[in-house]
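Peer 1: Chains as they are written, first to last, in my numbering: chain G, 1 to 720; chain V, 1 to 78.
Where a beta carbon is used, it is the ideal one built from N, C-alpha and C, also for glycine.
Since the structure is predicted, the reported quantities are computational estimates derived from the model, not experimental observations.
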Amino acid sequence: MLKTLRDNYDRHGRALMNPAFVSLAVYRYGRWALARKHPAARWLAKKLHGFTNFFVANITKVWIPPEVTLGDDFHIIHAEGSLSIHPDVVAGDRLGVMHNVTIGTNMRPGAPVIGDDVFIGVNSTVLATFDSATAYALPPTPPLRPTCHPIPSSSVLRQRSFRDSRPSTRRLANAPSPDPRSPPQSNFTPPRNMNTLSTTFYELLADNLPTHAQKQALVDTNRSVTYAELCSQVDRLAGYMAEHGVRPRDRVGVQLHKTIDEVVAMFSAAKLGAVVVNVNFQWTLEQLSYVADDCTLSMLLIEPRCAKRLAKQGLPRSVRHVLVHGKSPADDGRFGAWALALDAAPGATRHQLDTELAMIIYTSGSTGKPKGVMLSHRNIVAGARSVARYLKLRGDDRLISVLPYSFDYGLNQLTTMLLQGGAIVHQPVVMPFEIVRTLREERITGFAAVPPLWNQVVRYLKEKPESLPELRRVTNSGGKLSKNILELMPEVFPSTDIYLMYGLTEAFRSTYLPPEKFSDKCGSMGRAIPGAQTFVIKHGEGVAGPTEQGELVHRGPLVSLGYWGKPEPTAEKIKPCPELKSLIGEEPVVYSGDIVRVDEDGDYWFVGRTDMMIKTSGFRLSPDEVEDLVAQSGLVGDVVAFGVDDDEMGQVVHAAVSPLSEPLDEAALLTHCRRAMPHYMIPRKFHVWTRPMPRTSSGKLAKSEIIKVSASAHAKEQAS
Amino acid sequence: MKLTEQRLVRYLEESLDLEDVEADSELFSSGWLDSVSMLELIAFVEREAGIEVTPDDVTLANFDTVSRMLRFATGRAA
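1. Would you identify the three-state DSSP class for Thr415 (chain G), choosing helix, strand or coil?
2. Are Ala713 (chain G) and Phe686 (chain G) close, meaning C-beta to C-beta below 8 Å?
3. Please check if any C-beta of chain V sits within less than 8 Å of the C-beta of Lys258 (chain G).
4. So the beta strand (DSSP E) Glu551 (chain G) belongs to, where does it begin and stop?
5. Does DSSP put Thr221 (chain G) in a helix, a strand or coil?
6. Is the Cβ-Cβ distance between Tyr762 (chain G) and Lys573 (chain G) less than 8 Å?
7. Would you call the stretch 194–212 of chain G in contact with the stretch 410–422 of chain G, where contact means no fewer than 3 C-beta pairs closer than 8 Å?
8. Using a 10 Å radius around the Cβ and a threshold of 16 neighbouring Cβ atoms, would you call Gly372 (chain G) buried or exposed?
9. Please name the residues in the stretch 211–238 of chain G whose beta-carbon is closer than 9 Å to at least one beta-carbon of chain V, in chain order.
10. Which chain G residues are close to Asp56 (chain V), counting only those with a beta carbon under 7 Å from its beta carbon?
11. With 7 Å as the limit, tell me which residues of the stretch 18–33 of chain V have their beta carbon closer than that to any beta carbon of chain G; keep them in chain order.
12. Quick test of your reading: Pro432 (chain G) and Val450 (chain G), contact by CB under 8 Å. State the CB separation rounded to the nearest angstrom.
13. Would you verify that the beta carbon of Tyr460 (chain G) is, or is not, closer than 8 Å to some beta carbon of chain V?
14. What residues from chain V crowd round Arg305 (chain G), counting only those whose CB sits closer than 7 Å?
15. Using the Cα positions of Lys2 (chain V) and Ser25 (chain V), report the straight-line distance between them to the nearest angstrom.
16. Which stretch, first to last residue, makes up the beta strand (DSSP E) that contains Lys581 (chain G)?
17. Mind checking whether Val639 (chain G) and Val657 (chain G) have CB atoms under 8 Å apart?
18. Would you mind reading off the limits of the beta strand (DSSP E) that contains Val644 (chain G)?
19. Which term fits Phe55 (chain G), buried or exposed, when burial requires 16 or more other beta carbons within 10 angstroms of its beta carbon?
20. Counting only runs that start and end within the stretch 389–470 of chain G, where is the beta strand (DSSP E) found for 3 or more residues in a row?
21. My assumption, with CB atoms under 8 Å, is that Leu323 (chain G) sits in contact with Ala348 (chain G). Please give the rounded CB distance.
22. Taking contact to mean at least 3 C-beta pairs separated by less than 8 Å, is the stretch 11–30 of chain V in contact with the stretch 486–505 of chain G?
23. Under 7 Å between beta-carbons, which chain V residues line up against Val429 (chain G)? List them in chain order, please.
24. Kindly indicate which three-state DSSP category Asp611 (chain G) falls into: helix, strand or coil?
25. Between the stretch 263–287 of chain G and chain V, which residues of the former have CB atoms less than 7 Å from a CB of the latter, in chain order?
26. Using a Cβ cut-off of 8 Å (strictly closer), state whether Glu48 (chain V) contacts chain G.
27. Taking the beta strand (DSSP E) that Ile595 (chain G) falls in, what are its first and last residues?
28. Beta-carbon within less than 6 Å of Gly410 (chain G)'s beta-carbon, same chain only, minus the 5 sequence neighbours each way: which residues are those?
29. First and last residue of the alpha helix (DSSP H) that includes Gln233 (chain G)?
30. Taking any Cβ of chain V, which residues in the stretch 669–692 of chain G have a Cβ under 8 Å from it, in chain order?
31. For Gln282 (chain G), which of helix, strand or coil comes out of DSSP?
32. Glu229 (chain G): which of G:Tyr240, G:Lys215, G:Met241 and G:Ala242 sits nearest, CA to CA?
33. Measure the alpha-carbon distance for Leu468 (chain G) versus Thr438 (chain G) and round it to whole angstroms.
34. Can the beta-carbon of Pro385 (chain G) be found less than 8 Å from the beta-carbon of Gly273 (chain G)?
35. If you run the structure through DSSP and keep just helix, strand and coil, what is His49 (chain G)?
36. Ends of the alpha helix (DSSP H) at Thr165 (chain V)?
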């Protein structure tokens, strides 16, 4: 014992109070105590060893149980943080351990053997079945021979060293092979197709490794990555985040340009069990700071422009570190540069429940401050499964991603492709010409957009028709398409399935209209998506039947966890429905706030919002209805109808319009309205917008803002 | 044609809230400008340069940077 102790002393800086040496001394003493033959001596020696716990816990913070067998050259590099080694582990000769390391296992029978040259990075967990991604698809890498300080820059190296390690001199005779990739020696063979088994957001990505490691996963304008490469980058960035204090359940803010790196950022946080908060790229620094304070972000991943401004004005209070997607604006440890982050040692996967919080999506609130909708892993995975099912998505699909990942509709494109092992092609440029070029050149099979974007793309394709034989499906959500666009769609997409869909962030997606019904039911929302249930409720009466209308409510695994830090608005939005008590009891459902009509076949049609209805001369009027009819004139693009208080009528209808060609022929527009509408519906006034109307960050018309501006201009006119 | 580099940069910085715009800053492929800003920018270029921009003019080659926009507008106005 004394000789090994002297070795340890020599190797750990020749200082008696070196914490690493002290921990090892305590450990050596524990081994010695365990070996006492006389029961009384052993009891006494072990008691004394237990007493040193105090010393270990408070000064060295490294605890190695004496049951553990350590290799000859065992070396503690840094004795800060805690170290626990599972008693069954047999550590090899040259095991090096950095700080905050857990080596543990219970994953399969038998004691795991850590090979000679394995080096465990910071904040890592080594499990018996390895968690790292990259092992499946490796370029040949020279085996690593670390002695003391070098840290392998990626899990690739870690896994290589597993495979290339010499047989350990201390391996137990009955220990299983350390290489989980050699099935004949393994007593557990994982299923090949793991995708169907994904339970968490992170697993949606990582489960592609057994079968799709070499498949293309993401495509940027100037580069692309395979699943193996993507996972390897996620491993390293996760390590960097852990090094900079990101813990499970911490919120990590991501505001990045649509690139592969944005996806890496989200999954790195997810791997650690942190909550991903993707903030819309178009949001201002003020909005980002609001989000940071609202959900107390602990780390931010942002573009250099934003970082520069943050460096000047100071970080939001909760933010401990900012990783800059480019050069760091300051050298003070608050900011780090992306390139360095990818040199970090891999971060460990945290075991998570599928009911835990995975992500917060801030809704671009049309009223008041944005609210953070909390999504569980189950919400996200169930959404991916349901949509992949009804859109018939496959592993050979290639979806174009124009919509932001901060928007559930855009995020779902990514999760469905991960689920099926398909590819996502990033399209940050919103020009119709460039979108159509990408559709053609990248042989895109699926395209998702929101109404304002469809308006532009469909009109463009009408003028410049393009045959897109690979395009299997296009989808709309996030608002109703106008009749003109709906009618043009089969013309510009003759061989493509057209899906109309409906949902709200609080329950992601509720209904869809199958493409075979598109021509018969053009404009309908269809019915509930697979795995979800919807009802139309007549308040105080019951469930609406065919030809009736009421508020849509949503039940099932997509019902979100509510709003972050806002229990009251949550309880208003997600609550038991008295009209459904006999069917589903007290189970909470999402109240959509949307009025829909049920037709004879049970398909839904959007009528309007519960809270935007215009009441005029005794009629309840949906603004959407007015907007549709005004738009049919063909004279105006965007239309927003709203009610203005009126002494005689209660309210009268006004409409803000953006002319398709200037100047607007108001007389012709009015003539059209007179022909197309009942009298009470005809707008009393058109507010002509010569500038484009403002939109929310998800691309929908910012109706409340448009109404506010138009109404106040109107009030000023009245006053003067 | 009233459109100059200076006016275009000032418009981008003042009306579209961009910072440090240079002649070769990539405005669209960097994701700085979204579809709403795109429509506003096109309207501005049409007005200032006295030209009409059709949807298939709106490409990265013509609109991604200030210098490309000027080259496009000058060519069209001539």
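Peer 2: The structure says:
1. The DSSP-derived three-state label of Thr415 (chain G) is helix.
2. No; because the gap between Cβ atoms is not below 8 Å, this pair is not in contact.
3. Interface with chain V (8 Å Cβ-Cβ cutoff): Lys258 (chain G) is included.
4. Unbroken beta strand (DSSP E) run through Glu551 (chain G): Gln549 to Arg555.
5. Correct three-state label for Thr221 (chain G): coil.
6. Since the first and last residues shown for chain G are 1 and 720, residue 762 (chain G) lies out of range.
7. These segments touch.
8. When all chains shown are included, Gly372 (chain G) counts as buried.
9. Cβ contacts with chain V come from Thr221.
10. At a beta-carbon threshold of 7 Å, the residues of chain G lying near Asp56 (chain V) are Phe433 and Lys464, ordered along the chain.
11. Cβ contacts with chain G come from Glu19, Phe28, Ser29, Ser30 and Gly31.
12. 14 Å between Cβ atoms; not a contact.
13. By this cut-off, Tyr460 (chain G) is an interface position.
14. Going along chain V in sequence order, the residues near Arg305 (chain G) (Cβ under 7 Å) are Glu19.
15. Linking Lys2 (chain V) to Ser25 (chain V) through their CA atoms gives a straight-line distance of about 21 Å.
16. Lys581 (chain G): not part of any beta strand (DSSP E); member of the alpha helix (DSSP H) spanning Lys581 to Ile584, first to last residue.
17. Yes, these two residues count as a Cβ contact at 8 Å.
18. For Val644 (chain G), the uninterrupted beta strand (DSSP E) segment begins and ends at Val636 to Asp646.
19. The residue in question, Phe55 (chain G), is exposed, as its Cβ has fewer than 16 Cβ neighbours within 10 Å.
20. If you keep only unbroken beta strand (DSSP E) runs of at least 3 residues inside the stretch 389–470 of chain G, you get 398–401, 423–426 and 446–449.
21. With a Cβ gap of about 19 Å, Leu323 (chain G) and Ala348 (chain G) do not count as contacting.
22. No contact exists between the stretch 11–30 of chain V and the stretch 486–505 of chain G.
23. Per Cβ cutoff of 7 Å: Phe28, Ser29 and Leu60.
24. Taken through DSSP and simplified to helix, strand or coil, Asp611 (chain G) comes out as coil.
25. Under the 7 Å Cβ criterion, the stretch 263–287 of chain G contributes Phe281 and Gln282.
26. Chain G contact via Cβ: absent.
27. Its beta strand (DSSP E) spans residues Pro588 to Val598.
28. Excluding positions up to five away in sequence, the list reads Leu403 and Pro404.
29. In the DSSP assignment, Gln233 (chain G) falls within the unbroken alpha helix (DSSP H) covering Tyr227 to Glu243.
30. Within the stretch 669–692 of chain G, the residues whose Cβ lies closer than 8 Å to some Cβ of chain V are Arg691 and Pro692, listed in chain order.
31. Coil.
32. Of G:Tyr240, G:Lys215, G:Met241 and G:Ala242, the smallest CA-CA separation from Glu229 (chain G) is found for G:Lys215.
33. Going by the C-alpha atoms only, they are around 11 Å apart.
34. The sequence given here places Arg at residue 385 (chain G); Pro does not occur at that position. No, Cβ-Cβ distance for Arg385 (chain G) and Gly273 (chain G) is not below 8 Å.
35. Here His49 (chain G) carries a helix assignment [DSSP, helix/strand/coil].
36. The first residue shown for chain V is 1 and the last is 78, placing residue 165 (chain V) beyond what the model contains.
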